[in-house]
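Residue numbers (this note's numbering): 559 to 642.
Set out below in structure tokens:
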């Protein structure tokens, strides 16, 4: 079975990144403006973003994965101790 990521070109626009990451396009643009998401600015005003697929996938791999019920910066053990 082919990987869905193979369906995307090497250079992506914001809409393609949003679909790839399953995020809202406005959120992708916000992350791009903030410099959180690796993006390349184009155009005279730098308002157009383009993304390299490999950079986006590397960024995604580097994102922390954890329990959404545990506040950031605390461990599951600390959370369970505070419930006692």
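C-beta atoms are modelled at their ideal positions from N, C-alpha and C, and glycine is treated no differently.
{"query": "Cα-Cα separation between residue 615 and residue 582, rounded to whole angstroms", "result": "17 Å"}
{"query": "The alpha helix (DSSP H) enclosing residue 587, as first and last residue numbers", "result": "583 to 592"}
{"query": "Three-way DSSP call (helix, strand, coil) for residue 595 in this model", "result": "coil"}
{"query": "Under 8 Å between C-beta atoms of residue 542 and residue 579", "result": "Outside the shown range of the chain, which is 559 to 642, sits residue 542, and nothing can be said about it."}
{"query": "Helix, strand or coil at residue 608 [DSSP, three-state]", "result": "strand"}
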